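For what it's worth, my numbering labels the leading residue of the sequence shown as 3, then goes sequentially.
Just so it is clear, CB atoms sit at the ideal spot from N, CA and C, and this is done for glycine as well.
No experiment lies behind these values; they were computed from the predicted model shown.
Encoded as structure tokens, the structure appears first; notes follow it.
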Amino acid sequence: MNLIATSTFGLEAVVARELEALGYPAKIVSVGRIAFEGDEAAIFRANTWLRCADRVLIEVGSFGATDFGELFDRTNELPWERWIAPDAAFPVNGRSVKSKLSSVPACQKICKKAIVDKLLKAHNTATLPETGAPCAVEVSMLNDVATLTLDTTGAGLNKRGYRRKVGKAPLKETLAAGLVQLSFWKPDRPLLDPFCGGGTIGIEAALIGRNIAPGMNRTFAAGDWPTTDSSLAARASEEARDLALFDHPLEIHGSDIDPEQTQLARDHAHHAGLGNSLKFSVKAFADLDCDLEYGCLFCNPPYAERIGEKSDVEEIYRSMPDVLRRLKTWSHYILTSYPRFEAIVAQKADRRRKLYNGPIECTYFQFHGPRPPRDYTPGEASADAKSTSTPVIQAFGGLDQRAESQAEMFANRLAKQARHLRKWPAKRGITCYRLYDRDIPEIPLAVDLYEGRLHIAEYDRPHDRTAGQHADWLEKMASAAGEKLGVRPENIFLKRRRRQRGTDQYEKVSEDASPRVTVSEGGCKFLVNLSDYIDTGLFLDHRITRGMVRDESAGKRMLNLFAYTGAFSVYAAAGGAVATTTVDLSNTYLDWARANFKLNGLVGDAHRFIRSGAMEFIGDHAPGDHYDIAVVDPPTFSNSKSTAGVFDIQRDYVALLTGLVKLMSPGGVIYFSTNFKRFKFDESAVPGAASREISKQTVPEDFRNKRIHRCWRIVVGDNS
Numbered sequence: 003m004n005l006i007a008t009s010t011f012g013l014e015a016v017v018a019r020e021l022e023a024l025g026y027p028a029k030i031v032s033v034g035r036i037a038f039e040g041d042e043a044a045i046f047r048a049n050t051w052l053r054c055a056d057r058v059l060i061e062v063g064s065f066g067a068t069d070f071g072e073l074f075d076r077t078n079e080l081p082w083e084r085w086i087a088p089d090a091a092f093p094v095n096g097r098s099v100k101s102k103l104s105s106v107p108a109c110q111k112i113c114k115k116a117i118v119d120k121l122l123k124a125h126n127t128a129t130l131p132e133t134g135a136p137c138a139v140e141v142s143m144l145n146d147v148a149t150l151t152l153d154t155t156g157a158g159l160n161k162r163g164y165r166r167k168v169g170k171a172p173l174k175e176t177l178a179a180g181l182v183q184l185s186f187w188k189p190d191r192p193l194l195d196p197f198c199g200g201g202t203i204g205i206e207a208a209l210i211g212r213n214i215a216p217g218m219n220r221t222f223a224a225g226d227w228p229t230t231d232s233s234l235a236a237r238a239s240e241e242a243r244d245l246a247l248f249d250h251p252l253e254i255h256g257s258d259i260d261p262e263q264t265q266l267a268r269d270h271a272h273h274a275g276l277g278n279s280l281k282f283s284v285k286a287f288a289d290l291d292c293d294l295e296y297g298c299l300f301c302n303p304p305y306a307e308r309i310g311e312k313s314d315v316e317e318i319y320r321s322m323p324d325v326l327r328r329l330k331t332w333s334h335y336i337l338t339s340y341p342r343f344e345a346i347v348a349q350k351a352d353r354r355r356k357l358y359n360g361p362i363e364c365t366y367f368q369f370h371g372p373r374p375p376r377d378y379t380p381g382e383a384s385a386d387a388k389s390t391s392t393p394v395i396q397a398f399g400g401l402d403q404r405a406e407s408q409a410e411m412f413a414n415r416l417a418k419q420a421r422h423l424r425k426w427p428a429k430r431g432i433t434c435y436r437l438y439d440r441d442i443p444e445i446p447l448a449v450d451l452y453e454g455r456l457h458i459a460e461y462d463r464p465h466d467r468t469a470g471q472h473a474d475w476l477e478k479m480a481s482a483a484g485e486k487l488g489v490r491p492e493n494i495f496l497k498r499r500r501r502q503r504g505t506d507q508y509e510k511v512s513e514d515a516s517p518r519v520t521v522s523e524g525g526c527k528f529l530v531n532l533s534d535y536i537d538t539g540l541f542l543d544h545r546i547t548r549g550m551v552r553d554e555s556a557g558k559r560m561l562n563l564f565a566y567t568g569a570f571s572v573y574a575a576a577g578g579a580v581a582t583t584t585v586d587l588s589n590t591y592l593d594w595a596r597a598n599f600k601l602n603g604l605v606g607d608a609h610r611f612i613r614s615g616a617m618e619f620i621g622d623h624a625p626g627d628h629y630d631i632a633v634v635d636p637p638t639f640s641n642s643k644s645t646a647g648v649f650d651i652q653r654d655y656v657a658l659l660t661g662l663v664k665l666m667s668p669g670g671v672i673y674f675s676t677n678f679k680r681f682k683f684d685e686s687a688v689p690g691a692a693s694r695e696i697s698k699q700t701v702p703e704d705f706r707n708k709r710i711h712r713c714w715r716i717v718v719g720d721n722s
């Protein structure tokens with residue numbers, strides 16, 4: 003007889019291969035439909051064994067039909083009595099695509115009427131009570147061709163029976179099995195799902211790995227038909243039990259950040275008859291790790307369709323290269339509907355396939371790792387994986403020989419600079435200084451030494467590495483620096499530096515609150531955070547400028563706008579300023595500034611800390627309250643939610659300085675600085691003051707980049 007297996011879009015070829023493995027040559031005849039031939043036993047074997055199909059249908063007949071009379075007559079000619087018993091319930095469903103008979107309800111009604119007429123005559127009965135087992139009929143119109151089928155399955159083939167509860171955004175069992183079968187995974191290789199949810203992918207892989215038929219323990223609609231041989235269903239189940247490898251060892255691990263989901267996964271595995279064969283744990287994706295080699299990672303992460311906020315989802319995707327590079331010999335398979343996935347992970351997949359997770363159109367991204375070597379022993383690291391001399395071509399991350407050469411050049415340059423600078427800082431009591439600043443153009447890093455601790459930050463420069471490869475490259479450079487300079491790994495702090503935009507220089511790069519450490523500069527103490535922020539809390543390039551402010555502060559009233567952590571204010575107070583006013587929009591940095599003052603024993607009401615934007619502070623300033631010395635070191639661009647407008651230094655510096663001049667005492671001094679490289683300063687645009695650029699005098703000699711900042715000394719005239 004002619005049979006049809008249906009599937010979701012994209013899994014047709016997988017279902018065809020499954021049918022071939024059962025001994026039934028198959029052909030994909032349309033989207034979601036795979037035709038094959040078989041006897042009555044094939045109905046039950048296909049239902050029992052097919053992992054990725056939705057249903058198995060009997061094709062009762064197929065013919066052209068362009069009017070309802072023709073549809074009735076041809077339907078009536080088919081041998082419905084062969085399958086539909088006199089008391090069977092036979093609802094008729096329908097669909098119509100690109101056909102003249104476009105009314106689905108009308109097609110269903112005509113076919114129902116034709117089948118009733120045929121059954122009444124064939125069974126020689128006056129009534130059809132439809133109280134027996136269901137025998138569902140479908141009429142499918144496609145391009146004016148009607149195909150009439152009977153559903154032998156009943157509840158869809160995805161209903162394996164092990165999922166007793168529905169978790170968050172569940173993955174259909176048939177799709178999960180398809181993901182595994184579309185991969186390079188084999189039962190002797192480890193498998194990991196870091197977003198396991200209810201455990202569906204791992205469970206389906208285990209069923210595949212142990213050759214356990216997914217329908218072995220369930221019944222099908224055709225088994226209840228009196229017109230079929232009931233022994234065939236039992237025979238198919240018996241065959242499945244004989245072929246199952248119930249004790250085959252597997253390494254399948256699942257994890258999820260939600261404890262309820264991982265418990266649900268354990269319950270599902272138990273109901274699937276897998277006992278404790280699968281290992282599920284509570285773990286965040288960021289903490290993912292595995293010592294096993296040559297495995298396959300599968301995941302169905304949040305899409306922000308049914309679960310997860312868009313920003314959270316993007317953050318997960320953005321972290322993937324950094325996390326997945328830890329699994330150096332693994333292949334990775336990721337299903338998502340997120341349209342910009344490859345752009346976010348900054349890497350093209352080796353293969354991609356369109357699939358549907360329910361109604362959601364998704365793409366199945368495949369990133370292929372290295373093949374296991376011939377001498378590969380499951381559960382052990384191979385010689386290739388252990389060797390540091392044999393590069394492994396990773397799916398995410400990995401280093402080439404060029405990286406080894408660059409690391410050597412970088413380390414040698416650092417050693418040379420360290421020898422050159424060894425005596426210079428000691429003579430001046432300097433313990434925090436720049437050691438390297440993109441000295442080698444192809445290694446665009448900035449390396450600062452903070453009293454025996456290395457702080458390594460990256461400039462955002464073009465390169466040909468993927469995100470994962472780049473993360474490995476950065477760690478390689480950091481490791482090389484530490485080894486050459488004798489700095490232990492725990493004292494090396496590596497950060498990704500992008501071009502500063504707005505207040506990006508103050509943005510946190512880690513959610514883990516790390517303790518601040520105390521360092522000294524110019525006889526003062528400062529708290530720095532070397533791990534959490536792009537900048538540490540102390541701009542080393544302003545070391546000289548801070549000294550200038552201290553030398554002029556005795557007996558003065560000092561104002562610090564855009565104060566950050568208040569380092570200039572500390573210097574002024576240590577230099578004898580009678581009062582300091584530290585202004586910043588961030589409570590975090592104002593608290594940090596207060597802590598710096600306390601660390602230096604500088605306490606009292608004379609030192610004020612005000613949360614405000616600079617322009618707002620100037621506009622709200624009390625008349626008559628003037629300052630003798632001021633420091634203004636604004637960001638290039640700021641669009642803080644705490645202020646009404648957007649600050650652009652090139653556009654707004656004149657208004658900023660003009661307003662500030664009005665707050666200064668006659669003869670007062672303003673130190674104005676910016677790190678905007680293309681900044682243009684019009685000295686005549688600030689009335690009532692004389693401006694002079696002092697950039698060359700303020701950039702310390704440990705900074706190779708003499709334009710790390712630009713600085714002006716502005717002396718205010720009599721503005722009374």
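Check                                                                                                                                  : Outcome
Contacts around residue 225, its chain only, beta-carbon distance under 6 Å, and the 5 residues preceding and following it disregarded : 235
Sequence ranges, alpha helix (DSSP H) only - wholly within the region 325-396, length at least 4                                       : 343-347, 385-388
Backbone secondary structure at residue 402 - three-state DSSP                                                                         : coil
8 Å Cβ shell around residue 69 - same chain, five flanking residues per side excluded                                                  : 102, 103
Neighbourhood of residue 128 by C-beta distance below 8 Å, restricted to the same chain and skipping five residues each side           : 122
The region 136-151 in contact with the region 46-66 per 3-pair CB rule at 8 Å                                                          : yes
Extent of the continuous beta strand (DSSP E) to which residue 583 belongs                                                             : 581-586
Cβ shell of residue 255 (< 6 Å), same chain only, five flanking positions each side left out                                           : 194, 281
Residues that DSSP places opposite residue 714 in a beta bridge                                                                        : 674, 695
The alpha helix (DSSP H) enclosing residue 133, as first and last residue numbers                                                      : Where residue 133 is concerned, there is no enclosing alpha helix (DSSP H), given that its DSSP letter is neither H nor E.
Cβ neighbour criterion (16 or more within 10 Å) applied to residue 648                                                                 : exposed
Every unbroken alpha helix (DSSP H) inside the region 586-673 [4 residues or more]                                                     : 589-601, 616-622, 651-663
The region 438-456 touching the region 407-418, judged by at least three CB pairs closer than 8 Å                                      : yes
Runs of alpha helix (DSSP H) wholly within the region 150-227 (minimum 4 residues, chain order)                                        : 175-183, 202-211
Pair within 8 Å by beta-carbon distance, residue 341 and residue 318                                                                   : no
Rounded Cβ spacing between residue 494 and residue 536 (contact assumed at less than 8 Å)                                              : The pair is not a contact, with the Cβ atoms about 16 Å apart (cut-off 8 Å).
Buried or exposed (CB count within 10 angstroms, at least 16 for buried), residue 249                                                  : exposed
Straight-line gap, residue 514 to residue 569 (C-alpha atoms, nearest Å)                                                               : Confidence in residue 514 is poor, its pLDDT being 42 and thus under 50, which makes the residue's placement unreliable; the coordinate value appears in the next sentence. Spanning the two alpha carbons is a distance of roughly 24 Å.
Contact check, residue 724 vs residue 210, beta carbons under 8 Å                                                                      : Outside the modelled stretch of the chain, which goes from 3 to 722, sits residue 724, for which no answer is possible.
Pair within 8 Å by beta-carbon distance, residue 89 and residue 131                                                                    : yes
Terminal residues of the alpha helix (DSSP H) in which residue 70 lies                                                                 : 70-79
Minimum C-alpha distance to residue 561 - residue among 20, 312, 673                                                                   : 673
Length of the line joining the Cα atoms of residue 362 and residue 339                                                                 : 7 Å
CA-to-CA distance, residue 380 to residue 491, given in whole angstroms                                                                : 32 Å
Beta-bridge pairing of residue 460 - partner residues as DSSP gives them                                                               : 447
Contacts around residue 441, its chain only, beta-carbon distance under 8 Å, and the 5 residues preceding and following it disregarded : 415, 419, 706
Cβ contact (3+ pairs, closer than 8 Å) linking the region 573-580 and the region 550-564                                               : yes
Identified DSSP bridge partners for residue 270                                                                                        : None; residue 270 has no bridge partner.
Exposure of residue 313, with buried meaning 16 or more beta-carbon neighbours within 10 Å                                             : exposed
C-alpha distance - residue 566 paired with residue 635, whole-angstrom precision                                                       : 9 Å
DSSP-derived helix/strand/coil call for residue 493                                                                                    : helix
Which of helix, strand or coil DSSP assigns to residue 60                                                                              : strand
Separation of residue 583 from residue 617, as counted between CA atoms                                                                : 15 Å
Burial state of residue 267 (16 or more Cβ within 10 Å)                                                                                : buried
Assumed close pair residue 52, residue 38 - CB separation to whole angstroms, cut-off 8 Å                                              : Not really, about 11 Å apart at Cβ, beyond 8 Å.
Residues near residue 11 by beta carbon distance below 8 Å, same chain, minus five either side                                         : 33, 34, 356, 357, 358
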